[in-house]
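Peer 1: Let me begin by handing over the structure; questions about it come next.
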Amino acid sequence: MCYDFLIVPITSIFLIIIINKTMKKVIIFSAPSGSGKTTLVQHCLQVFPVLQFSISCTTRAPRGAEVDGKDYHFISPEVFKAKIEEDAFVEYEEVYADKFYGTLKSEVERIWNQDKIVIFDVDVKGGIALKKYFGDQAMSVFIMPPSIEELERRLKNRGTDDIETIKTRLAKAESEILFQKNFDKIIVNANLDESKEEIENLIRQFIA
1 MCYDFLIVPI
11 TSIFLIIIIN
21 KTMKKVIIFS
31 APSGSGKTTL
41 VQHCLQVFPV
51 LQFSISCTTR
61 APRGAEVDGK
71 DYHFISPEVF
81 KAKIEEDAFV
91 EYEEVYADKF
101 YGTLKSEVER
111 IWNQDKIVIF
121 DVDVKGGIAL
131 KKYFGDQAMS
141 VFIMPPSIEE
151 LERRLKNRGT
161 DDIETIKTRL
171 AKAESEILFQ
181 KNFDKIIVNA
191 NLDESKEEIE
201 NLIRQFIA
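Counting from 1, position 7 in the sequence shown corresponds to residue 7 in UniProt numbering; the numbering is continuous, with no gaps.
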């Protein structure tokens, strides 16, 4: 962790204020669904104690063992739309029909107030919006699948979606990949261990 020291004279006494330069930063992970970004985000949280996961809001139903307030804040479309009217979101997106995702401003402030760095796991449009909002405070990382064929295999093996949903996700992935140039870093997740090492190096450089 990197620090600056500010020396302030107070009569004959000098007050040393330590300024933590790593604070007020965010790391954004985005990828087509099934590319492995959530696995990589969880790895980063284990390796770097200074990182804390930003819990997004969503109107979709929980998947598998997902827990409300830990993986997502699961809320109704009506509550989500009310929060839009309140200008409560840093960013939000209707990812699929009537399925909203969004990042609350209060969630970011909660993490910063704990002297932590925010880590986001969001869709591609959300990642672009967050980078635009935070600017140089953010490092945005795009996780690429090695191929559409491999992505299809991963989605089928995940076992959470039916065939039609998988087709929709694959079509969306092909369009999302075109936006990779909008991100600071691109990682092709062909080998999980290699991707973990590459991401660790990127984060160490960013928070130094």
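Glycine is no exception: its CB is placed at the ideal position from the N, C-alpha and C atoms.
1. If you count every other CB in all the chains shown that lies within 10 Å of the CB of LEU155, and 16 or more means buried, which is it?
2. Which residues in the same chain have their Cβ closer than 6 angstroms to the Cβ of LYS196, if we skip the five residues on either side of it in sequence?
3. Is it right to say THR59 is buried, meaning 16 or more other beta carbons lie within 10 angstroms of its own, or is it exposed?
4. Go through its chain and collect everything with a Cβ distance to SER33's Cβ below 6 angstroms, but skip five positions before and after it.
5. Work out the CA separation of THR165 and residue 211 for me, nearest whole Å.
6. Considering Cα atoms alone, identify which of PHE74, VAL41, GLU152, GLU176 is closest to LEU192.
7. With ILE111 and LEU45 assumed to form a contact (beta carbons below 8 angstroms), what rounded beta-carbon distance in angstroms separates them?
8. Using the three-state DSSP reduction, which class does GLU93 fall into: helix, strand or coil?
9. Excluding the five sequence neighbours on either side, which residues of its own chain have a C-beta within less than 8 angstroms of the C-beta of GLU93, listed in chain order?
10. Output needed for ILE199: all residues of its chain with C-beta closer than 8 angstroms, excluding positions within five of it in sequence on either side, in chain order.
11. Please state the DSSP three-state secondary structure of THR168.
12. Among GLY64, ASP161, ALA171, whose alpha-carbon lies nearest the alpha-carbon of ILE148?
Peer 2: Per the coordinate set shown:
1. buried
2. HIS43
3. buried
4. ARG169
5. The structure shown does not extend to residue 211, since the chain spans only 1 to 208, so no value can be given for it.
6. VAL41
7. With 8 angstroms as the limit, ILE111 and LEU45 do not qualify as a contact, their Cβ atoms being about 12 angstroms apart.
8. strand
9. PHE100, TYR101, GLY102, ASP123, LYS125, GLY126, ALA129
10. LEU40, HIS43, CYS44, VAL141, ILE187
11. helix
12. ALA171
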